[in-house]
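Q: Dropping the structure in here first, questions after.
Protein chains: 2
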Amino acid sequence: MIIYKSLIEKYKKYLTVSNKTPIISLNEGNTPLIFAKNLSEKLGFNGEVYLKFEGMNPTGSFKDRGMTMAVSKAIENGSKAIICASTGNTSASASAYAAKAQIRCIVLIPKGKIAVGKLSQAVMHGAEVLEIDGNFDDALYIVRELSNKYPLTLVNSINPYRIEGQKTAAYEICENLGQAPDYQFMPVGNAGNITAYWKGYKDYNKMESSKYYLPKMMGFQASGAAPIVEGHIIKKPETIATAIRIGNPTSWKTAEEVRDDSKGVIDKVTDEEILKAYKIVAATEGIFCEPASAVSIAGFIKYIKQDYFKNSNSIKVVCILTGHGLKDPDIAIAKATSIIKVKSNINEITKTIGF
Amino acid sequence: MIIYKSLIEKYKKYLTVSNKTPIISLNEGNTPLIFAKNLSEKLGFNGEVYLKFEGMNPTGSFKDRGMTMAVSKAIENGSKAIICASTGNTSASASAYAAKAQIRCIVLIPKGKIAVGKLSQAVMHGAEVLEIDGNFDDALYIVRELSNKYPLTLVNSINPYRIEGQKTAAYEICENLGQAPDYQFMPVGNAGNITAYWKGYKDYNKMESSKYYLPKMMGFQASGAAPIVEGHIIKKPETIATAIRIGNPTSWKTAEEVRDDSKGVIDKVTDEEILKAYKIVAATEGIFCEPASAVSIAGFIKYIKQDYFKNSNSIKVVCILTGHGLKDPDIAIAKATSIIKVKSNINEITKTIGF
Numbered sequence: 009m010i011i012y013k014s015l016i017e018k019y020k021k022y023l024t025v026s027n028k029t030p031i032i033s034l035n036e037g038n039t040p041l042i043f044a045k046n047l048s049e050k051l052g053f054n055g056e057v058y059l060k061f062e063g064m065n066p067t068g069s070f071k072d073r074g075m076t077m078a079v080s081k082a083i084e085n086g087s088k089a090i091i092c093a094s095t096g097n098t099s100a101s102a103s104a105y106a107a108k109a110q111i112r113c114i115v116l117i118p119k120g121k122i123a124v125g126k127l128s129q130a131v132m133h134g135a136e137v138l139e140i141d142g143n144f145d146d147a148l149y150i151v152r153e154l155s156n157k158y159p160l161t162l163v164n165s166i167n168p169y170r171i172e173g174q175k176t177a178a179y180e181i182c183e184n185l186g187q188a189p190d191y192q193f194m195p196v197g198n199a200g201n202i203t204a205y206w207k208g209y210k211d212y213n214k215m216e217s218s219k220y221y222l223p224k225m226m227g228f229q230a231s232g233a234a235p236i237v238e239g240h241i242i243k244k245p246e247t248i249a250t251a252i253r254i255g256n257p258t259s260w261k262t263a264e265e266v267r268d269d270s271k272g273v274i275d276k277v278t279d280e281e282i283l284k285a286y287k288i289v290a291a292t293e294g295i296f297c298e299p300a301s302a303v304s305i306a307g308f309i310k311y312i313k314q315d316y317f318k319n320s321n322s323i324k325v326v327c328i329l330t331g332h333g334l335k336d337p338d339i340a341i342a343k344a345t346s347i348i349k350v351k352s353n354i355n356e357i358t359k360t361i362g363f
Numbered sequence: 009m010i011i012y013k014s015l016i017e018k019y020k021k022y023l024t025v026s027n028k029t030p031i032i033s034l035n036e037g038n039t040p041l042i043f044a045k046n047l048s049e050k051l052g053f054n055g056e057v058y059l060k061f062e063g064m065n066p067t068g069s070f071k072d073r074g075m076t077m078a079v080s081k082a083i084e085n086g087s088k089a090i091i092c093a094s095t096g097n098t099s100a101s102a103s104a105y106a107a108k109a110q111i112r113c114i115v116l117i118p119k120g121k122i123a124v125g126k127l128s129q130a131v132m133h134g135a136e137v138l139e140i141d142g143n144f145d146d147a148l149y150i151v152r153e154l155s156n157k158y159p160l161t162l163v164n165s166i167n168p169y170r171i172e173g174q175k176t177a178a179y180e181i182c183e184n185l186g187q188a189p190d191y192q193f194m195p196v197g198n199a200g201n202i203t204a205y206w207k208g209y210k211d212y213n214k215m216e217s218s219k220y221y222l223p224k225m226m227g228f229q230a231s232g233a234a235p236i237v238e239g240h241i242i243k244k245p246e247t248i249a250t251a252i253r254i255g256n257p258t259s260w261k262t263a264e265e266v267r268d269d270s271k272g273v274i275d276k277v278t279d280e281e282i283l284k285a286y287k288i289v290a291a292t293e294g295i296f297c298e299p300a301s302a303v304s305i306a307g308f309i310k311y312i313k314q315d316y317f318k319n320s321n322s323i324k325v326v327c328i329l330t331g332h333g334l335k336d337p338d339i340a341i342a343k344a345t346s347i348i349k350v351k352s353n354i355n356e357i358t359k360t361i362g363f
């Protein structure tokens, strides 16, 4: 039996690694592609909907795919420290891989609005966490400057190995489906991931077989943090989807190219639409994703409502769920007022549950 | 390529399922067995240490293994509702599988001390959550009574399908290692899991090949909630490891049998030892587990210190990490005071990080 070990080992022929590259892995990748029958029925969609649940990566988000590459290459190149700016998921991932590699990890986070679970990860893995009195874009500017001046490997998605590792999710989808989906819905924050998936689909199509086709890439931003949709930098991005609360995306230009090349869209959804999607996927499929992930579902619902899909019967749609709900439980916890307090009394409880 | 789908599909020949059993799955099981070289070195242990990271199950804990069986069998038998008592992980799992099966899920939780992440899961998956003014043992008594009287399937570990599903983790370890470990360290709360692993090892040994051997089962309770070690019910169990804060374990007797049959131990570790282990595994291996999971590591460290292992060179040890750290981040967050607040100023930050 072949035991899955790491995405670098599995996909090394597609990646810029050699036998000399030390593989720093936490068993990332190989995440499930889940056929979402209940969700399709709930939404009245006749095609096939699949959810790529990237929350099943070891630190709970898709960032692990790029981080295994970035940290492995950093170690190969003799680096003793990594640095990043983060809204949370990147720092959780960077700190875990740095712990495994036993090197230093420095993290700059914007003031406030970092989801509590993600911060607990960076702290536990021994990262040095600095909270700056600025936003994500300010933090990113500073870490770029520092990594240019000092022996610090930058592991934000500017690091080309990050995007390279993230491509592998597209390979897995092609393997699982036997083709690329017709449409892929996903959130767009810093825009590295949409860039990575598109590269992945193109690679796989070219290197394996053109039978895999290419999907239309459907990217969605939160309406309060939608610079690509609005066509200008958003100075004070705001959204409950903290992981994509970014006003000046690093991969802005490539994201637009992906949209145009794939004949897809980059559009926006409101926080209200995100919350609704967040609840629907948990209640119909038993999948708890983070609010930013629900942006994929919210976008999909928006386009169903717009009657975007003609002849949906034969269509295959993949929605990317980028992170686990446990990463950012605050909104779900706020809903926990629905918990009913009762006495330890069988009669009272019987009545409460309606028997 | 064979794509992993569910533990029921993979292990159906060992499980009481037929082709008629509807498989309610969230892609549970198939969790990584991680070679923990950094941890071994840190602890000065010369043998091989592996971590079975059950936090990689879909709801973030080992409970999913049993729940896929319990809910699939409930549906096969026509059940429309499930019920359980829970310190958190069981309710998270039950509610997710009930959502996938589209049936009702009723959860009784003890007052206070349920980890916040776990509660957010039950709520999001649409469970009806009742908080009683009693402890876990009171809640368990009530759900047993209710399931006897009304058409409610009990999905606590009294449900035999739970233990049956949980056995599969032992099969995976045997497959991954090519043998059973010499020692398996694990937490003991309600004691269902140690019972399940032992059954699993015995099954696999009998049905596959006796070359797999049997491990010594090393179970650990938290010192404030150690009824099996103390030899009497603990009326007010107390520990930071909320998942094993249980004073009257359901599988008490079988846990003692497992200890004796395997020539293992059931012992206890303090909250202080648990916290130390919790930090060590995050900082050395990049694995963030929940405090209750760190009990395995704490027990292992205790026995290294006692010089329990003679000739450790050739020994293989597996420690079970039952749940993901994101389930119960409160203690880690309390540590987050170590975050350094700085101005968005490159010079200040350069100085802070020591360049």
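Taken in order, these protein sequences are the chains called A and B. The numbering of the first sequence is our numbering, which starts it at 9 and goes up by one. The numbering of the second sequence is our numbering, which starts it at 9 and goes up by one. By construction, the Cβ of each residue, glycine as well, lies at the ideal position given by its N, Cα and C atoms. What you are looking at is a predicted structure, and each value in this text was computed from that prediction instead of being measured.
(1) Taking DSSP as the reference, what is the three-state secondary structure of B:P195?
(2) Give the secondary structure of A:D336 by DSSP, where H, G and I count as helix, E and B as strand, and everything else as coil.
(3) So which residues on chain A does B:P337 lean against when the C-beta distance must stay under 7 angstroms?
(4) Is it the case that the Cβ atoms of A:T292 and A:P195 are separated by a distance below 8 angstroms?
(5) From the DSSP output, which residues share a beta bridge with B:S69?
(6) Just the C-alpha distance for A:L138 and B:D338, rounded to the nearest angstrom, thanks.
(7) State the DSSP-derived secondary structure class of A:E183, mapped to helix, strand or coil.
(8) Among B:N164, B:G307, B:D269, B:I236, which one has its Cα closest to the Cα of B:D72?
(9) Along chain B, which residues have their Cβ under 7 angstroms away from the Cβ of A:H1?
(10) Look at A:S99 and A:I16 and say whether their C-beta atoms are less than 8 angstroms apart.
(11) Three-state secondary structure (DSSP) at B:F53?
(12) What does DSSP give as the partner residue(s) for A:D269 in the beta ladder?
(13) Please report the straight-line C-alpha distance between B:S26 and B:S33, rounded to a whole angstrom.
(14) Going along chain A in order, which residues have a C-beta closer than 7 angstroms to the C-beta of B:D146?
(15) Which one of B:K20, B:I248, B:I348, B:A178 has the shortest CA to CA distance from B:F70?
(16) Between which two residues does the alpha helix (DSSP H) holding B:F317 run?
(17) Does A:N321 pass the burial test, meaning 16 or more other C-beta atoms within 10 Å, or should it be called exposed?
(18) Would A:N215 and A:Q192 qualify as a contact pair, given that the criterion is a beta-carbon distance under 8 angstroms?
(19) So, with DSSP's three-state summary, where would you put A:P118?
(20) Determine the extent of the beta strand (DSSP E) in which A:M226 is found, giving its start and end residues.
(21) Give the DSSP-derived three-state secondary structure of B:D146 in the structure shown.
(22) Could you compute how far the alpha carbon of B:Q110 sits from the alpha carbon of B:A135?
(23) For B:T292, which residues in chain A fall below 7 angstroms Cβ to Cβ?
(24) With 8 angstroms as the threshold, decide whether the Cβ of A:A263 is near any Cβ in chain B.
(25) Would you mind stating whether B:C92 and B:A102 have Cβ atoms separated by less than 8 angstroms?
(26) Report yes or no: is there a C-beta of chain B within less than 8 angstroms of the C-beta of A:G255?
(27) Using 8 angstroms as the limit for Cβ to Cβ distance, is A:V266 near chain B?
(28) Should A:C297 be counted as a contact of the ligand NAP given a C-beta to heavy atom distance under 7 angstroms?
(29) Is the number of C-beta pairs between the stretch 28-46 of chain B and the stretch 123-135 of chain B that are closer than 8 angstroms three or more?
(30) What does B:F53 reach in chain A if we use C-beta pairs closer than 8 angstroms?
(31) Given a cut-off of 8 angstroms on the beta-carbon distance, is the pair B:G200 and B:I171 in contact?
(32) For A:Y12, which residues of its own chain have a beta-carbon under 6 angstroms away from its beta-carbon, when the five flanking residues on both sides are left out?
(33) Since A:I288 is in the alpha helix (DSSP H), which residue starts that stretch and which ends it?
(34) Quick one: does A:E62 have its CB under 8 angstroms from some CB of chain B?
(35) Could you give the DSSP three-state label for A:Y58: helix, strand or coil?
(36) What residue ranges within the stretch 89-139 of chain B form continuous alpha helix (DSSP H) runs of no fewer than 4 residues, ordered along the chain?
A: Reading it off the structure:
(1) Here residue 195 of chain B refers to the residue found at position 187 when the second sequence is read from its first residue. Here B:P195 sits in strand by DSSP.
(2) Here residue 336 of chain A refers to the residue found at position 328 when the first sequence is read from its first residue. Of the three classes helix, strand and coil, the one that applies to A:D336 here is coil, per DSSP.
(3) Counted from its first residue, the second sequence places residue 337 of chain B at position 329. In chain order: V124, G125, S128.
(4) Sequence index remark: in the first sequence, residue 292 of chain A carries index 284 (1-based). Sequence index remark: in the first sequence, residue 195 of chain A carries index 187 (1-based). No. Outside cutoff.
(5) Counting from 1 along the second sequence, the entry for residue 69 of chain B is found at position 61. B:S69 pairs with B:G331.
(6) Walking along the first sequence from the start, residue 138 of chain A turns up at place 130. Walking along the second sequence from the start, residue 338 of chain B turns up at place 330. In a straight line, the C-alpha of A:L138 is about 20 angstroms away from that of B:D338.
(7) Counting from one through the first sequence, the residue named residue 183 of chain A turns up at place 175. Correct three-state label for A:E183: helix.
(8) Within the second sequence, residue 72 of chain B is the residue found at index 64, counting from 1. Among B:N164, B:G307, B:D269, B:I236, the Cα nearest to that of B:D72 is on B:N164.
(9) Here chain A has residues from 9 to 363 only, and residue 1 of chain A is not among them.
(10) Indexing the first sequence from 1 puts residue 99 of chain A at position 91. Indexing the first sequence from 1 puts residue 16 of chain A at position 8. It is not a contact, given that the beta carbons lie outside the stated cut-off.
(11) Start at 1 with the first residue of the second sequence, and residue 53 of chain B comes out as number 45. Note: B:F53 maps to coil in three-state DSSP.
(12) Walking along the first sequence from the start, residue 269 of chain A turns up at place 261. Its beta-bridge partners do not exist; DSSP assigns none.
(13) Your numbering for residue 26 of chain B matches position 18 in the second sequence. Your numbering for residue 33 of chain B matches position 25 in the second sequence. Spanning the two alpha carbons is a distance of roughly 15 angstroms.
(14) The residue labelled residue 146 of chain B in the question sits at position 138 within the second sequence. By Cβ distance, chain A contributes S352.
(15) Sequence index remark: in the second sequence, residue 70 of chain B carries index 62 (1-based). If we check each option's Cα against that of B:F70, B:A178 comes out closest.
(16) Position 309 of the second sequence, counted from the start, is the residue given in the question as residue 317 of chain B. No alpha helix (DSSP H) holds B:F317; DSSP gives it neither H nor E.
(17) For the purposes of this step, residue 321 of chain A is identified with residue 313 of the first sequence, where counting begins at 1. Answer is exposed; the Cβ neighbour count stays below 16.
(18) Translated into the one-based positions of the first sequence, residue 215 of chain A becomes position 207. Translated into the one-based positions of the first sequence, residue 192 of chain A becomes position 184. Strictly speaking, residue 215 of chain A in this sequence is Met, with Asn absent from that position. No, the pair does not count as a contact, with Cβ atoms beyond the cut-off.
(19) Your numbering for residue 118 of chain A matches position 110 in the first sequence. Note: A:P118 maps to strand in three-state DSSP.
(20) For the purposes of this step, residue 226 of chain A is identified with residue 218 of the first sequence, where counting begins at 1. 224-230 is the span of the beta strand (DSSP E), which, as asked, contains A:M226.
(21) Locating residue 146 of chain B in the second sequence gives position 138, where the first residue counts as 1. In the three-state reduction of the DSSP assignment, B:D146 falls in the helix class, which pools H, G and I.
(22) For the purposes of this step, residue 110 of chain B is taken as residue 102 along the second sequence, with counting starting at 1. For the purposes of this step, residue 135 of chain B is taken as residue 127 along the second sequence, with counting starting at 1. B:Q110 and B:A135: Cα-Cα distance of roughly 11 angstroms.
(23) Counted from its first residue, the second sequence places residue 292 of chain B at position 284. Ordered by position in chain A, the residues that pass the 7 angstroms Cβ test against B:T292 are A107.
(24) In the first sequence, the residue the question calls residue 263 of chain A occupies position 255. Taking Cβ atoms only, chain B never reaches closer than 8 angstroms to A:A263, which makes this a no.
(25) Stepping through the second sequence from its first residue, residue 92 of chain B is reached at position 84. Stepping through the second sequence from its first residue, residue 102 of chain B is reached at position 94. For B:C92 and B:A102, yes; Cβs fall inside 8 angstroms.
(26) Within the first sequence, numbered from 1, the residue matching residue 255 of chain A stands at position 247. Cβ-Cβ to chain B under 8 angstroms: no for A:G255.
(27) The sequence position of residue 266 of chain A within the first sequence is 258, counting from 1. So no, A:V266 is outside the interface.
(28) Absence of the ligand NAP is noted for the structure shown, with no ligands found whatsoever.
(29) Output reads no: the stretch 123-135 of chain B does not touch the stretch 28-46 of chain B.
(30) Taking the second sequence and counting its residues from 1, one reaches residue 53 of chain B at position 45. None at all; the shortest Cβ gap to chain A is about 17 angstroms.
(31) As a first step, residue 200 of chain B is located in the second sequence; it is residue number 192 there, counting from the start. As a first step, residue 171 of chain B is located in the second sequence; it is residue number 163 there, counting from the start. Using a Cβ distance threshold of 8 angstroms, B:G200 and B:I171 count as a contacting pair.
(32) If you number the first sequence from 1, residue 12 of chain A lands on position 4. Correct list, in chain order: N38.
(33) The sequence position of residue 288 of chain A within the first sequence is 280, counting from 1. Run containing A:I288: 279-293, per the alpha helix (DSSP H) assignment.
(34) As a working mapping, residue 62 of chain A is identified with position 54 in the first sequence. So no, A:E62 is outside the interface.
(35) The count along the first sequence starts at 1 and reaches residue 58 of chain A at position 50. Note: A:Y58 maps to strand in three-state DSSP.
(36) 97-109, 124-132
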